[in-house]
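> Numbering-wise (the numbering used here), the sequence shown opens with residue 119 and increments by one. Glycine included, C-beta positions come from ideal geometry on N, C-alpha and C. A quick note: this is a predicted structure, and the numbers were derived from the prediction, not measured.
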Amino acid sequence: MRFTLTTMDPGRIVAMSSHHLPEPESEYGYTLRQVKAIVGTELMPEFREHMMMRAHVLDGPDGEVFYPFDVLQFVERTSRRLP
Numbered sequence: 119m120r121f122t123l124t125t126m127d128p129g130r131i132v133a134m135s136s137h138h139l140p141e142p143e144s145e146y147g148y149t150l151r152q153v154k155a156i157v158g159t160e161l162m163p164e165f166r167e168h169m170m171m172r173a174h175v176l177d178g179p180d181g182e183v184f185y186p187f188d189v190l191q192f193v194e195r196t197s198r199r200l201p
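1. Measuring straight from C-alpha to C-alpha, what distance separates G147 and F165?
2. Let me know the alpha helix (DSSP H) ranges lying completely inside the segment 137-181, each 4 residues or longer, listed in chain order.
3. Taking the DSSP output, what are the residues bridged to V183?
4. So S144 and V183 are in contact, right, with Cβ under 8 Å, and what is the actual spacing, rounded?
5. If L139 and T196 are in contact, beta carbons under 8 Å, what's the gap, nearest whole angstrom?
6. Y186 and P142 look like a contact to me (Cβ under 8 Å); what is the Cβ gap, rounded to whole Å?
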């Protein structure tokens, strides 16, 4: 999945491809399932490395939940490397 972010408004991220990050499913942020869908399974090891030593939530039925800021930051950093 390719992301090229062009603008950031509070609560909304807009990409050149018109792809919007979905609303987080948890009140705390993005579920693991959502993160896998956003970054793709091939980038999950890199996402895990990005999350090393960062806080995230264990939220009952949702399992791991990642704060929106951290997911956005990873997507932005990853998109800068794309040609």
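Per the coordinate set shown:
1. 15 Å
2. 150-157 and 162-169
3. T149 and V175
4. 4 Å
5. Not really, about 13 Å apart at Cβ, beyond 8 Å.
6. Position check: residue 186 holds Pro in this sequence, whereas Tyr was assumed. Confirmed, about 6 Å.
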